[in-house]
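Asker:
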Amino acid sequence: MTSNAWNRDLFAKAWHFVTLKHSGQTYGGRLPEQQIEYINHLSSVAMEAMWILGNSTETYHADLFVQCALLHDTLEDTATEYAELQDIFGPEVAAGVLALTKNKTLPDKNQQMLDSLQRIRQQPREVWMVKMADRVTNLYHPPFYWDKNKIAAYRAEAQVIYDHLAEADALMAQRLAEKIEAYQAFL
Numbered sequence: 003m004t005s006n007a008w009n010r011d012l013f014a015k016a017w018h019f020v021t022l023k024h025s026g027q028t029y030g031g032r033l034p035e036q037q038i039e040y041i042n043h044l045s046s047v048a049m050e051a052m053w054i055l056g057n058s059t060e061t062y063h064a065d066l067f068v069q070c071a072l073l074h075d076t077l078e079d080t081a082t083e084y085a086e087l088q089d090i091f092g093p094e095v096a097a098g099v100l101a102l103t104k105n106k107t108l109p110d111k112n113q114q115m116l117d118s119l120q121r122i123r124q125q126p127r128e129v130w131m132v133k134m135a136d137r138v139t140n141l142y143h144p145p146f147y148w149d150k151n152k153i154a155a156y157r158a159e160a161q162v163i164y165d166h167l168a169e170a171d172a173l174m175a176q177r178l179a180e181k182i183e184a185y186q187a188f189l
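Residues in the sequence shown are numbered consecutively from 3, following our numbering.
Encoded structure:
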């Protein structure tokens, strides 16, 4: 097995940053009374990334992968500016996070997703893998308030992500394919 060690200090720096930036954000759980701290999602995406790093025979830019996994929603869901990410985490991480951020000026969610996927494909494969890991964690279970149509549409969108990004990494793609298949149980 190859070494895919990631720097613990860089992880801690990104972790501290996202805990402050996403402070107070929550999302709906499986049951109406559940409001889950958003940091749970970010740690789940990082966990998926770290599992790949520890179990693959391939070599990755581990720090880029883990930092982008933690930071992937900071531009989209907080008041963080791109320049701030560049200053703190460098241009490569900032560019990866920007590619993972939907362009809200586009008229609909489908166009936003396709645009983001196009920009992701211009980044190193680790950024592609963050997008797949993000969707894997979002496929753990739907929020209690989603109806069957929303669940089906989200599953279909996951397939679009798979179709655009699977070539980046077989192990990550396999994990996403398994989650897409398992999500059928919620329909």
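The C-beta atom is built at its ideal place from N, Cα and C for all residues, glycine as well.
To the nearest angstrom, how far is the alpha carbon of Asn105 from that of Asp117?
Answerer: Their backbone Cα atoms lie some 8 Å apart in a straight line.
Asker: Output the residue ranges of the beta strand (DSSP E) runs that lie fully inside the region 87-128 and measure 3 residues or longer, sorted by chain position.
Answerer: none
Asker: Tell me the DSSP secondary structure of Gly26 in three-state form.
Answerer: coil
Asker: Look up Gln36 in the DSSP assignment and say whether it is helix, strand or coil.
Answerer: Gln36: coil per DSSP, three-state reduction.
Asker: Among the residues of its own chain, which have a CB less than 8 Å from the CB of Ala206, if the five just before and after it don't count?
Answerer: Because the chain here runs from 3 to 189, residue 206 falls outside it and cannot be looked at.
Asker: For Leu66 and Arg10, I'd like the C-alpha separation in whole angstroms.
Answerer: 12 Å
Asker: So, for Ile90: in the same chain, excluding its five sequence neighbours on each side, which residues have a beta-carbon less than 8 Å away from its beta-carbon?
Answerer: Residues Lys15, Phe19 of the same chain have their beta carbon placed closer than 8 Å to that of Ile90, with the five preceding and five following residues left out of the count.
Asker: Write down the C-beta distance between Thr82 and Lys133 rounded to the nearest angstrom, noting that I regard them as a contact closer than 8 Å.
Answerer: Wrong, their Cβ atoms sit about 19 Å apart, outside the cutoff.
Asker: From Ala96 to Thr76, what does the alpha carbon distance come to, in whole angstroms?
Answerer: Going from the Cα of Ala96 to the Cα of Thr76 covers about 10 Å.
Asker: Count the other CB atoms within 10 Å of the CB of Ala7; is the residue buried (16 or more) or exposed (fewer)?
Answerer: Around the beta carbon of Ala7, fewer than 16 other beta carbons sit within 10 angstroms, so the residue counts as exposed.
Asker: Going by beta carbon distance, what residues of the same chain come within less than 7 Å of Glu94, once the five residues before and after it are set aside?
Answerer: Leu66
Asker: Excluding the five sequence neighbours on either side, which residues of its own chain have a C-beta within less than 6 Å of the C-beta of Thr103, listed in chain order?
Answerer: Leu77, Glu78
Asker: Comparing alpha-carbon positions, which option in Val99, Asn57, Ser25 lies nearest Gln2?
Answerer: Summary: the structure shown does not reach residue 2, with the chain confined to residues 3 through 189, and so no result is reported for it.
Asker: Would you mind working out which of Gly92, Gln113, Val138 sits nearest Trp53, comparing C-alpha positions?
Answerer: With distances taken between Cα atoms, Trp53 lies closest to Val138.
Asker: Please tell me whether Ala135 and Val68 are closer than 8 Å, where the distance is taken between their beta carbons.
Answerer: no
Asker: Going by C-alpha to C-alpha distance, which of Arg157, Asn42, Tyr40, Leu55 sits closest to Ala172?
Answerer: Leu55
Asker: For Val162, which residues of its own chain have a beta-carbon under 6 Å away from its beta-carbon, when the five flanking residues on both sides are left out?
Answerer: none
Asker: Mind checking whether Leu119 and Leu167 have CB atoms under 8 Å apart?
Answerer: yes
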